[in-house]
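Here the protein sequences line up with chains A and B, keeping their order.
Using the UniProt record's numbering, the first residue of the first sequence is number 1, and each one after it goes up by one.
Using the UniProt record's numbering, the first residue of the second sequence is number 1, and each one after it goes up by one.
2 protein chains.
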Amino acid sequence: MQAVQYPVIVNGITSPRRERADAARNRVKILTAAAGIVATHGVEGLSMAEVATAAGVGVGTLYRRFGDRSGLAYALIDEREREFQAAFIEGPPPLGPGAEATARIRAFLHALTDRTVEQLDLLLMAETAAPLARFGGAYDGYHAHLSMLIAQARPGADAYVLADALLAPLAAPLLAHRLRGRGVTAERVKAGLDDLLAAFTT
Amino acid sequence: MQAVQYPVIVNGITSPRRERADAARNRVKILTAAAGIVATHGVEGLSMAEVATAAGVGVGTLYRRFGDRSGLAYALIDEREREFQAAFIEGPPPLGPGAEATARIRAFLHALTDRTVEQLDLLLMAETAAPLARFGGAYDGYHAHLSMLIAQARPGADAYVLADALLAPLAAPLLAHRLRGRGVTAERVKAGLDDLLAAFTT
DNA sequence: AACATAAACCGGAACTGATTCCGTTTGCAA
DNA sequence: TTGCAAACGGAATCAGTTCCGGTTTATGTT
């Protein structure tokens, strides 16, 4: 996955080069079409060719813009993703700053659980389109955040590895497998994570 | 994945129907050819068409026998898998029965880590060939075993969910991502799991 | 204000690899 | 010997991804 990256706008000044008008127009068309397909046919209907056709665009354009299937899926949940990131980075406690590290860890894992369950279909597709797709998107952000909190809550521990370990149970494939049909619910998953966190709390 | 299942042989008596001679011959040819390809070209070279050609068999046969790419990969690691299962089910403690539940949990997770790292390439392929492939193979065995131990070590806890949570960090994609290039080692992963287990030990 | 030009972008044909289908062949047991 | 379920092989299908010759656009120039 290596979608086109555009310069970030800082203080109204854009670096190198701005996105071309036709490109911007197409991006909107593509995302709109894709969202429409998901809404009507579910994620199963979301094939690259379908999206391209529905958007009135060539598949090449689609790949240029989003890199691959996984990239397209992540783009579709981008908005909600930004909200979530904002919430744990600068939102109100206990998710955001201001609460104790332990409380924030707990709040973060609960919130991530909810968010994942909420968009399970798209996340499942995004994470499994390519073998390591999960570690290309928002994962690094979650990991950095959780690492920091763990380091605070538990000085001396291997925060880097522990963060992975706590994020792992929230991988879309596992949740999808357990939440469908079997009696496992989001609440049970959260409770289980709380149980694991006991090691930190005490 | 839904490879053909053959009757288990119990006390020399085979149930329903035995595998046909030509089928057995082909299975050996396929596995031999596949192992050869992996040895010479790595797992990347393991395409279904390649294997079929090398084995002198049609692709249809390959699918009839192993269900899909994932099934073929699991078949290739089956021997080692049986050893591992035997070790934690009836081998010497602390991995096998005879030790305390907490010790067995720890031993199990360490052993599983080693085993996974050892065959990381094939496991990565096996687990990511299809979105939920991981939960079709040996996973249920691990989960049942770990659930039992957790229930013993921690009566009242949600062993079912906790078992998933402890197995999740050992998913092939995560390990592959961390062990390649970044300073994470199998030992660090094990130490991290031990840290999580502190909640049980105390 | 029209123009020239290179960088970006476009579309869709072509390619790749997994999986399915189905007419044909084979092994086994009656 | 014969019947048929099981197995076979490989063509056909399907979806993701790559390629590349042909446009469009942003920008500097006249």
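Just so you know, even glycine gets a beta-carbon here, dropped at the ideal spot from N, CA and C.
Just so you know, these numbers come straight off a predicted model, no measurement behind them.
Cα-Cα separation, residue 53(A) to residue 88(B): 53 Å
Endpoints, the alpha helix (DSSP H) within which residue 28(B) is located: 21-41
Please list, in chain order, the residues of the segment 117-139 of chain B that have any C-beta partner in chain A closer than 7 Å. 124, 128, 131, 132, 134, 135
Looking only at its chain, what residues have a beta carbon closer than 7 Å to the beta carbon of residue 57(A), apart from the 5 residues adjacent to it on each side? 26, 29, 30
Just to confirm my understanding: we take residue 162(B), look at its own chain, exclude 5 residues before and 5 after, and list those with CB closer than 6 Å. What are they? 150
Suppose contacts are defined by Cβ-Cβ distances below 8 Å. Is residue 102(A) in contact with residue 170(A) by that definition? no
Does residue 169(A) get closer than 8 Å to chain B when you measure Cβ to Cβ? yes
In chain order, what residues of the same chain lie with their CB nearer than 7 Å to the CB of residue 10(B), ignoring the 5 residues before and after it? Any reading at residue 10(B) must be qualified, since the residue scores a pLDDT of 42, below 50, and its modelled position is unreliable; no value is offered.
Let me check understanding here. Comparing Cα to Cα, which of 128(B), 19(B), 93(B), 184(B) lies closest to residue 74(B)? 128(B)
Quick one: what does DSSP say residue 157(A) is sitting in, helix, strand or coil? coil
Looking at residue 174(B) and residue 168(A), is the spacing between their C-beta atoms short of 8 Å? yes
Look up residue 97(A) in the DSSP assignment and give the residues it is bridged to. 99(A)
Please list the terminal residues of the continuous alpha helix (DSSP H) segment that includes residue 77(B). Where residue 77(B) is concerned, there is no enclosing alpha helix (DSSP H), given that its DSSP letter is neither H nor E.
Helix or strand or just coil, what does DSSP make of residue 147(B)? helix
Quick one: Cα of residue 208(A) to Cα of residue 32(A), how far? This structure cannot settle anything about residue 208(A), because the visible part of chain A is limited to 1 through 202.
From residue 124(B) to residue 79(B), what distance separates their C-alpha atoms? 17 Å
Output, in chain order, the set of chain B residues within a Cβ distance shorter than 8 Å of residue 195(A). 157, 158, 162, 199
Just verifying my parser: in three-state terms, what is the DSSP assignment at residue 185(A)? coil
Spatial neighbours of residue 55(A) in its chain, beta-carbon cut-off 6 Å, leaving aside the 5 residues before and after: 29, 30, 33
Can you find a C-beta in chain B that's less than 8 Å from the C-beta of residue 177(A)? yes
Since residue 76(A) and residue 35(A) should fall inside the 8 Å C-beta cutoff, what is the C-beta to C-beta distance between them, to a whole number of angstroms? 6 Å
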